[in-house]
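For the protein sequence lines, the chains are A and B, in the order given. Sequential numbering of the first sequence, starting at 640, is according to our numbering. Sequential numbering of the second sequence, starting at 640, is according to our numbering. We treat Cβ as the ideally placed atom computed from N, Cα and C, and that holds for glycine.
There are 2 protein chains.
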Amino acid sequence: MEVANRVFGGKWKPGILFRLVERSYRFGELKRDMPWISERVLIRQLKELVEDGIVHREDHRQVPPRVVYSITEHGRTLAPLLKSMADWGDLHFEATTRCTS
Amino acid sequence: MEVANRVFGGKWKPGILFRLVERSYRFGELKRDMPWISERVLIRQLKELVEDGIVHREDHRQVPPRVVYSITEHGRTLAPLLKSMADWGDLHFEATTRCTS
Numbered sequence: 640m641e642v643a644n645r646v647f648g649g650k651w652k653p654g655i656l657f658r659l660v661e662r663s664y665r666f667g668e669l670k671r672d673m674p675w676i677s678e679r680v681l682i683r684q685l686k687e688l689v690e691d692g693i694v695h696r697e698d699h700r701q702v703p704p705r706v707v708y709s710i711t712e713h714g715r716t717l718a719p720l721l722k723s724m725a726d727w728g729d730l731h732f733e734a735t736t737r738c739t740s
Numbered sequence: 640m641e642v643a644n645r646v647f648g649g650k651w652k653p654g655i656l657f658r659l660v661e662r663s664y665r666f667g668e669l670k671r672d673m674p675w676i677s678e679r680v681l682i683r684q685l686k687e688l689v690e691d692g693i694v695h696r697e698d699h700r701q702v703p704p705r706v707v708y709s710i711t712e713h714g715r716t717l718a719p720l721l722k723s724m725a726d727w728g729d730l731h732f733e734a735t736t737r738c739t740s
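Pasting the structure below:
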């Protein structure tokens, strides 16, 4: 578990990966889509995901800078797990909203 | 995904939950079993898990203090997901060790 924890534990990695399995994103798009994450944390979590071979980073070396993040083939093996997490979240949301309403 | 992320995203929650679905733990046992987590972070992550109804905290009001953490029925619905995470981690470990050896 500690390996999985290290690779995609971390507050926002599941949310980042959930988006990247759908399509590639420029950094700015991710930042706008997840405004609750600070730029510093988003940069660090993306860097870790690239180092772990889960995400691919492509710098298009142009002005203005254009850096595109995409899921790697290996990263795509996380898709079923991410889906189960999202499904569990929906069930949990219903369960806890029932308790508190 | 954001709900799941909030409930069990967070660096060490999967590792904590992976243990609690197996059995109940006193705080000290968790601390010894996961020495890489600071006491402050462990206390906060457990507190969040209790607030979210995933973990139950029982204070036995005795000296020395004895506080036992256990998974709630609702928390137990995470067990299959935690198992898939651990399995994925094993596969990932093999894949990345092959690349780097």
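{"Item": "Verify whether the separation of the beta carbon atoms of B:V607 and A:G728 is less than 8 Å.", "Value": "In the structure as shown, chain B starts at 640 and stops at 740, and residue 607 of chain B therefore has no counterpart that could be examined."}
{"Item": "Where does B:R665 fall in DSSP's three states?", "Value": "strand"}
{"Item": "When the cut-off is 8 Å and only beta carbons count, does B:L681 lie next to chain A?", "Value": "no"}
{"Item": "How would you list, in chain order, the residues of chain A whose beta-carbon sits under 8 Å from the beta-carbon of B:E641?", "Value": "G654 and G728"}
{"Item": "Applying the 10 Å Cβ sphere with the 16-neighbour rule, what's the burial state of B:L659?", "Value": "buried"}
{"Item": "Please tell me whether B:A643 and A:A725 are closer than 8 Å, where the distance is taken between their beta carbons.", "Value": "yes"}
{"Item": "Three Cβ pairs or more, each shorter than 8 Å: is that satisfied between the segment 682-694 of chain B and the segment 704-723 of chain B?", "Value": "yes"}
{"Item": "By the DSSP assignment, the beta strand (DSSP E) with B:R705 in it spans what residues?", "Value": "That residue, B:R705, is in no beta strand (DSSP E); it is neither H nor E in DSSP."}
{"Item": "B:G751 to A:F732, Cα distance in whole Å?", "Value": "For residue 751 of chain B there is no data in the structure shown, the boundaries of chain B being 640 and 740."}
{"Item": "For A:K652, is the classification buried or exposed, using 16 other Cβ atoms within 10 angstroms of its Cβ as the cut-off for buried?", "Value": "buried"}
{"Item": "Less than 8 Å between C-beta atoms, sequence neighbours within five positions excluded: which residues of the same chain meet that for A:L721?", "Value": "P653, L656, F657 and V660"}
{"Item": "Please classify B:W675: is it buried, with 16 or more other beta-carbons within 10 angstroms of its beta-carbon, or exposed?", "Value": "exposed"}
{"Item": "Express the C-alpha separation of B:R665 and A:G692 in angstroms, rounding to a whole number.", "Value": "36 Å"}
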